[in-house]
Amino acid sequence: MKTVNIILMGFGNVGQAFIRVAHEKKEFCKARYKLDIKFYSIFEIGGAIHSSQALNTSEILEKYSSLTMFRKNPLWKPDLKLTSVLDSIKPGVLVECTPSNIKSGGPGLSHIRHALDRGWHVVTASKGPLVIDFRGLHEKAEKKHVALKFSGATAAALPALDIALYSLAGAEISRIEGILNGTTNYILTRMKEGVDYKEALKEAQSKGIAETDPSLDVSGQDTASKILIISNALLRADFTLDDMTIEGIDAIPPYLLNQGRKKDRALKLLGILFKRAEELRLEVRLTVIDSSHPLFGVDGTNKGIVFTTDTMDSITVTGGKSDPKGAGASLLKDIINIYRKE
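Below is the structure:
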């Protein structure tokens, strides 16, 4: 049995979902993968719940799920520094779930660097660090002989990276098209059904699909971050957001909306990697697709991605939960794949 020591950064929706999934799957992971997952620290703004013994995650979820109560936990250590915890525990996995800043990479970028420097594996749902310094983090992980995994930062439960990295090994990818944001896809689906933008957004927020501040989603920045990370990971490229043309759904031209509402047509926000004059480019574009397109039926909060290759033709993957549970499950999947023995 392999003990996996966990430090969790961030106790928001995704962080709590990860704890819940890990707790629910604890015995399954022991039986199937011979992995005993133990939490030692859960960090939030101002400190952490920390113990030299494994934390009782069931009790934390039951009694301390609000941030106010979280800081009242008897094991709360105000001003505890991540570096001191990393140095005091046998290296395992740092799970990064803090809010993502795609302009600076913070705060997750420094967390990940500290962990990699000290020989910890890293699994992250935060996109910002990967958008800002993908190559640097990847090279640091290679130098330290540890894993850096980020399924939760690309498409949550949709196994886009896994398919491309493993199932398409040996094939050259010339084009990628992805519906990578469940919020915008839900809004576009409702608009096709006749609902206006503001009403569809309000509906998505009331259902917990959209954030209170949905600007990263509706501006196309979230989709841009995801297709950028996927492309840099698969091609060992150095794309930045400044290299991209990015469209959102917050100001859809009427002619596009009308085209997308036609029978056998659909308006989608696509993250696209494509070739122009032998140069690879990235963009996020509002695109009207017809019923022959493999992503035509990907509606609501579902996501999907199409890889076009030289030897395996086109491969399409669709589905996957677009919610915190799906993101939490993708974090657990990445941890399992670091340690699993076939």
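Residue numbers for the sequence shown follow our numbering, beginning at 1 and rising by one.
Note that the Cβ used here is the ideal one computed from N, Cα and C, for glycine as well.
Quantities reported herein were computed from a predicted structural model and do not represent experimental measurements.
Do residue i and residue j have their CB atoms nearer than 7 Å?
i: G178; j: G220; result: no
i: I227; j: G271; result: yes
i: V284; j: P294; result: no
i: A164; j: L234; result: yes
i: R118; j: L86; result: yes
i: V14; j: A125; result: yes
i: P78; j: G128; result: no
i: T189; j: G92; result: no
i: V298; j: R265; result: no
i: S151; j: L161; result: yes
i: V146; j: H121; result: yes
i: T57; j: I19; result: yes
i: I49; j: L75; result: yes
i: T309; j: A171; result: yes
i: A157; j: K268; result: no
Residues in its own chain within less than 7 Å of residue i by CB, not counting five upstream and five downstream?
i: A17; result: P324, K325, A327, G328
i: A204; result: T183, Y186, I187, A210
i: V21; result: K325, G328, A329, L332
i: F274; result: R175, R281
Enumerate in chain order the residues of its own chain whose CB-to-CB distance from residue i is below 6 Å, with the five nearest sequence positions on each side excluded.
i: K149; result: V123, D334
i: L55; result: F39
i: M191; result: A200
i: N181; result: D217, D222, T223
Mark residue i as exposed unless 16 or more other C-beta atoms lie within 10 angstroms of its C-beta, in which case mark it buried.
i: T183; result: buried
i: A31; result: exposed
i: A224; result: buried
i: E342; result: Residue placement at E342 is poorly supported in this model, since its pLDDT is 48, which falls under 50; the coordinates are not used for a value here.
i: D242; result: exposed
i: M9; result: buried
i: D217; result: buried
i: D238; result: exposed
i: S100; result: buried
i: M244; result: buried
i: F28; result: exposed
i: L82; result: buried
i: P253; result: exposed
i: T240; result: exposed
From the DSSP output, which residues share a beta bridge with residue i?
i: W76; result: I49
i: E279; result: R276
i: K303; result: G319
i: E211; result: According to DSSP, which records beta bridges pairwise, E211 is partnered with nothing at all.
i: L267; result: V288
i: T245; result: E283
Which residue marks the beginning of the beta strand (DSSP E) containing residue i, and which one marks its end?
i: S174; result: 173-179
i: Y255; result: Not the beta strand (DSSP E): Y255 falls in the alpha helix (DSSP H), residues 254-260.
i: I335; result: Careful: I335 lies outside any beta strand (DSSP E), inside the alpha helix (DSSP H) at 324-339.
i: I6; result: 2-9
Start and end of the alpha helix (DSSP H) containing residue i?
i: Y197; result: 197-206
i: S225; result: 221-235
i: K90; result: Per DSSP, K90 belongs to no alpha helix (DSSP H) and is neither H nor E.
i: T183; result: 182-192
i: S41; result: S41 -> not in any alpha helix (DSSP H); beta strand (DSSP E) instead, spanning 35-44.
i: D154; result: It is worth fixing the name first, because residue 154 is Thr in this sequence and not Asp. No alpha helix (DSSP H) contains T154, which DSSP labels as neither H nor E.
i: I132; result: 128-144
i: H121; result: H121 -> not in any alpha helix (DSSP H); beta strand (DSSP E) instead, spanning 121-124.
i: M69; result: 67-70
i: K63; result: 57-63
i: A17; result: 13-24
i: S110; result: 108-117
Keeping to the same chain, check which residues put their C-beta closer than 8 Å to that of residue i; ignore five residues upstream and five downstream.
i: K144; result: L116, D117, G119
i: D133; result: G105, L109
i: K2; result: K34, L35, D36, Y339
Got a sec: is the Cβ-Cβ distance from residue i to anything in chain B below 7 Å?
i: V218; result: Among the chains in the structure shown there is no chain B, since it carries only a single protein chain.
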